[in-house]
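Chains as they are written, first to last, in the numbering used here: chain A, -8 to 532; chain B, 42 to 440.
Have a look at the structure below, then the notes.
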Amino acid sequence: MKKFLNSFAGFLPLGVLWLSPLLAGLLAVLYGALDGEAWLTLFEHPQLWPALAISIGTGTLSLIISALLAFWIVAGLYGGKLWADCSSLMGGFLSLPHLAFAIGLGFLITPSGFIARVIGSIAGWAVPPQWVTTQDPYGLSLVAVLVLKEVPFLIWLISSLLARPDISQTLKGHFRVSQSLGHGGASVWLRVFIPQILPRLKWPLLIVWFYGASVVDVALAIGPTQPPPLSVIIWSDLNNADSAFNARGTAGALFLTAALVGLALVWLVLKRIFLPLIWKFFIRGPSRRRTPTITAGLLLLFFCAVYAMVFVVLCVMSIGTLWPYPNLFPTEVRWTAWQQFVMSPAPLLNSLSLAFASTLAALGLAVFWLETVPEKLDTALLVFAIMAIALPSLLIADGQYLAFLRLGLNGTWPGVFLAHLTPVFAYVFIVLKGPYRAFDPRYRAVSLGLNADNYRFWSVVKLGMMKPALAAAAAVGIGVSIAQYVPTQLIASGRLTTLPIEAVTLASGGSRPLMAVFALMLAVVPALAFLVAARVGRKPL
Amino acid sequence: MKLSRRDLVRAASAAALLPLFPKAGHAADWVALEAQAKGQTVYFNAWAGSEPINAYIGWVAEQVKARYGVTLEHVKIADAAEVVRRVRDEVKAGKAGGSADLVWINGENFHAMKAEKLLFGPFANGLPNFKYVDTEGKPTTLVDFAEATDGLESPWGMAQLTFFGDGAKISAPPKSMDELVAFAKANPGRVTYPAPPDFHGTTFVKQALYESITDQSFLPLPADSVEFHRAAAPLFDLLDSLHPHLWRAGQQFPQSQAQLKQMLADGELLMALTFNPNEPANLVASGGLPQSTVAWQHRAGTIGNTHFVAIPINSKATAGAQVVANFLLSPEAQGRKADLKIWGDPTVLATARLSADEAKFFATGVVPGSVREPAPALPEPHASWVPLLETAWLESYGT
């Protein structure tokens, strides 16, 4: 009974602050979608099917290319001299929000952008070329942004898997066995490592897939327009003046989610047919192919170059008040945009307060759960956490908007806080769970034996040893909160403005320098958080 | 000013209703209202994609704070439709104190709010400064997209579809849709317009409708879809002949007018369009466009309208909101707004009727980038045309 009470107490704050807003959102969106008219008009929308095709196409393509590139780079560099640099660089790239990256990359590749100017100044183009780059009809520039952002995410995950002693030990053993059977490095990766790592990445890969197929802010900044991805159509419906459009938007969000979940299930079935075929390939005789060290190194270099160029271009853009084509550098440099940013700090302050509060709350909830609830219940919570991350934020945020309406939470800081906590807690819990549960209980016995009481053991010994994990989880939480666009826009109802809200508004029209300032600030806050976390993680006890 | 008879009748009947509204300028009432407004916070929900506009609203906030003790908070929104949705949902949920006190609004959004009784008022004609409004010379101050305002919104500024580009690159600006087709043919890939349902894109399509429809007397009337497809057939013939010569062969369109402006400034396009006739001159003044910039309107006239401010029915600060709306109509605020160096939004006031003291707030003279030969403002078609136009456009060009 006491055990049950303990578990219940562990569940209570989480239930109130996190689970009920999540479930209320999902129920509200289902209830809101009980509108036959909305579904009729949705299926009459002339762009529905092409837009769905764009969404699923860009999402799927970005998933496949990201996974291929990530494994290519890891296979080429793992165990080599560049590996440590690679994993820490990728961790750094990871902290740059998609939106900031899209804005910077957009200015690199647009027909009057930086790359065109460089080529134009050599080739002597008087007018910008008629390239089809940003907003290309097939969404390839959107795919490019997604790939360039998701590869660091996947490599970061793979490298943290490979850093686990149990896994690295096993892999080392398998490597030796395969080599003595005559397999080269590439063959070992293909036939032995990837089949072992891939199943552990199934949820992250699903998240990458669904994210790419339902993202709103990046698609607004760089995605195709005629037709746009379905997420953009849903988004404009949700923000329309006409309630019939709002209902269609809710139906659309549910439809897109159902389509994605349906496809994921189809994949589960297809996998059963494909896997045996693939297996035949895997058990074929030895292949001497070596790991792609050189191409992987070049790819890493390419990533560094793109991220550096995006960063530099954003910096120059932020002070270039006048920067007409074909000038390589602005003709007029002023700090006006930065001054404006400093003069009206509300977006930054709101972003910071939401990020810190939601991250702190998430850490508290996660630690409380991990301390009071038995490990076997983790899986149940994990299912909800993955739902909170993988389901399109359009769906959850629209549901929370509808649910919060009845509670008067829209347009209030607590409402936006709860909306941020939804994904933030999910990430924090996933990051923290592994290290926390792996804590060796014998340390407790030792501490108690050394006359420390329970609280002292927990606050000094356990939290001390958990510090790197807590710092990493906090950095992830802050990064996730800072990047929230869809929930903030819907729940804040214009009352609170944050960095991504301003960045998207400016990207839809407004000054380029100010847009660059917001993109940079979007990048700076999470980057600082990751730097601090990395320092804390490195410090010895 | 080219107006259909029906519009004139509407405007006249709206003007005739004026005496029925709470009596304008009743000094005692107004003083009481100002007293009530003191200390209130007014959440002004206004589109915030442009720095000059944000700066101007910031100035207004300083003024109303100093003069009337009203705190004005600019709630920056990307689209007024967000506010309509929010107010509707708040009212539906029975929330007493709404989140918006003043909204920058017109057209469809106003229609929706008026039809659903989401607006406070009538109040506009009771504002002391309403007497300066040019309701005769600018009938759209009383008729918003063929719908009478009935005092539920107060005019703020004027707008008219205007095109602009670099005079050094364009010798003869195209001053009709037919000339535009020829211009695009001669300069393939260098002309485009934002995709509807973007507001500027829809306005461009309405302009094309005006210039292609055989009987313009249809336009102020509610359109049903059968009638629409017959009437709009020539429009789609026109667009079919234009699109192959546009940017990206008319397969893709920019999302917004701001993007169009940026593409013009970057030299990707030869011309852009705006709904603010003073915007090109404003951009020249701020250094965003070269001195050689020219602005023009189509010879036979272009679509024009008025934008307004309205007070949602669930506002917590209706007194404060009215005080702000009144200040926005003052010659000082209107003159500053019309100043090209500040914002350059044309005034709704009858400047000719102002006393010398009041008129001093308005700058005069021709500057680079201003419209040299102003054309008549064509009234907006009835709002029911808009969804039909947008859907038909999407069906034809959006897939």
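Ideal placement from N, C-alpha and C gives every residue a C-beta, glycine not left out.
When the distance is taken between beta carbons, is residue j closer than 7 Å to residue i?
i	j	result
residue 149/B	residue 350/B	no
residue 387/A	residue 194/A	no
residue 125/B	residue 358/B	no
residue 133/B	residue 89/B	no
residue 210/B	residue 311/B	yes
residue 389/B	residue 182/B	yes
residue 333/B	residue 208/B	yes
residue 93/A	residue 136/A	yes
residue 513/A	residue 490/A	yes
residue 425/A	residue 486/A	no
residue 281/A	residue 176/A	yes
residue 225/A	residue 244/A	yes
With 16 other CB atoms within 10 Å as the buried threshold, where does residue i fall?
i	result
residue 66/B	Confidence is the limiting factor: at residue 66/B the pLDDT is only 48, short of 50, which leaves the residue's position unreliable, though a coordinate-based value still follows. Exposed is the call here.
residue 64/B	Its pLDDT being 46, under 50, residue 64/B is placed unreliably in this model, and the value from its coordinates should be taken loosely. Label assigned to residue 64/B: exposed.
residue 179/B	buried
residue 312/A	buried
residue 290/B	exposed
residue 536/A	Given a span of -8 to 532 for chain A in the structure shown, any question on residue 536/A remains unanswerable.
residue 418/A	buried
residue 370/B	buried
residue 374/A	exposed
residue 397/B	exposed
residue 174/A	buried
residue 214/B	buried
residue 154/B	buried
residue 386/B	buried
Residues of chain A with CB closer than 7 Å to the CB of residue i, please, in chain order.
i	result
residue 236/B	216 and 217
residue 289/B	123
residue 266/B	Residues of chain A passing the Cβ test: none, with the nearest at roughly 12 Å.
residue 125/B	232
residue 314/B	Near residue 314/B there are no residues of chain A at all, since even the closest Cβ is about 13 Å away, more than 7 Å.
residue 414/B	Going along chain A, no residue has its Cβ under 7 Å from residue 414/B, so there is no contact; the nearest lies around 28 Å.
residue 230/B	121
Identify every residue that forms a DSSP beta bridge with residue i.
i	result
residue 112/B	82/B
residue 200/B	346/B
residue 493/A	Partner(s): none; residue 493/A has no beta bridge.
residue 389/B	The partner list for residue 389/B (beta bridge, DSSP) is empty, contrary to what the question assumes.
residue 185/B	188/B
residue 334/B	207/B
residue 353/B	160/B
residue 327/A	DSSP output for residue 327/A lists no bridge partner at all.
residue 195/B	350/B
Listing by chain order, which chain A residues have their CB less than 8 Å from the CB of residue i?
i	result
residue 438/B	217
residue 292/B	128 and 217
residue 147/B	Ordered by position in chain A, no residue passes the 8 Å Cβ test against residue 147/B, which lies about 12 Å from the chain.
residue 104/B	By Cβ distance, chain A contributes nothing, its closest Cβ being about 18 Å from residue 104/B, past 8 Å.
Among the candidates the options, whose CA atom is the shortest distance from the CA of residue i?
i	options	result
residue 284/B	96/B, 110/B, 86/B and 437/B	437/B
residue 348/B	292/B, 73/B and 152/B	152/B
residue 54/A	177/A, 157/A and 197/A	197/A
residue 14/A	493/A, 98/A and 410/A	410/A
residue 434/A	450/A, 422/A, 16/A and 302/A	450/A
residue 412/B	378/B, 398/B and 320/B	320/B
residue 297/B	233/A, 256/A, 265/A and 213/A	213/A
residue 61/A	117/A, 455/A and 139/A	139/A
residue 434/B	260/B, 139/B, 242/B and 287/B	242/B
residue 221/B	272/B, 281/B and 177/B	281/B
Strictly below 7 Å CB to CB, what residues from chain B border residue i?
i	result
residue 488/A	117
residue 118/A	308
residue 237/A	126
Cβ closer than 8 Å: which chain B residues qualify as neighbours of residue i?
i	result
residue 323/A	328
residue 312/A	328
residue 397/A	134
Starting from the beta carbon of residue i, find every residue of chain B whose beta carbon is closer than 9 Å, and list them in chain order.
i	result
residue 391/A	Correct list: empty, because the minimum Cβ distance to chain B is about 13 Å.
Give the residues of chain D in contact with residue i, contact being defined as C-beta atoms less than 7 Å apart.
i	result
residue 278/B	The structure shown has no chain D; the protein chains it does contain are A and B.
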